[in-house]
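Student: Sharing a structure here in structure tokens format.
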Amino acid sequence: MTNTKGKRRGTRYMFSRPFRKHGVVPLATYMRIYKKGDIVDIKGMGTVQQGMPHKCYHGKTGRVYNVTQHAVGIVVNKQGNKRDSMAW
Numbered sequence: 001m002t003n004t005k006g007k008r009r010g011t012r013y014m015f016s017r018p019f020r021k022h023g024v025v026p027l028a029t030y031m032r033i034y035k036k037g038d039i040v041d042i043k044g045m046g047t048v049q050q051g052m053p054h055k056c057y058h059g060k061t062g063r064v065y066n067v068t069q070h071a072v073g074i075v076v077n078k079q080g081n082k083r084d085s086m087a088w
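Residues 1 to 88 in full-length UniProt numbering are what the sequence shown spells out, letter by letter.
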């Protein structure tokens with residue numbers, strides 16, 4: 001068998017678009033303004049591969065700590081080796 005340990009392993013339904021929501025992403029998604037301290041939910045979209053979060057962050061809620069022209073930095077509580085750590 002081939003190597004089955006890729007980044008998108010097990011994401012067949014996780015990153016798929018809902019029924020009748022395929023195609024071009026609405027402009028309102030890109031024009032939304034985020035400010036420092038906002039609480040946001042992380043949800044990856046299969047239609048846009050660039051800048052996609054890792055599958056372990058899908059569905060997590062975090063706080064915005066950095067806003068740039070092309071990306072938004074989010075702080076998330078990530079479970080590590082028997083301790084809670086902050087993922088930047």
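In this text, a Cβ means the ideal position worked out from N, Cα and C, and glycines have one as well. Just so we're clear, the structure is a prediction, and the values are computed from it rather than from any experiment.
1. Nearest CA to the CA of Lys7: which residue from Asp41, Lys35, Gln49, Lys36?
2. Put Thr29 into one of helix, strand or coil per three-state DSSP.
3. Quick check on the burial criterion: 16 or more other C-beta atoms within 10 angstroms. Buried or exposed for Gly51?
4. Just verifying my parser: in three-state terms, what is the DSSP assignment at Lys55?
5. Under 8 Å by Cβ, that's how I've got Gly59 and Lys43 pegged, so tell me the actual separation to the nearest angstrom.
Tutor: Looking at the coordinates:
1. With distances taken between Cα atoms, Lys7 lies closest to Gln49.
2. The DSSP-derived three-state label of Thr29 is helix.
3. Exposed is the call here.
4. It is helical.
5. Confirmed, about 7 Å.
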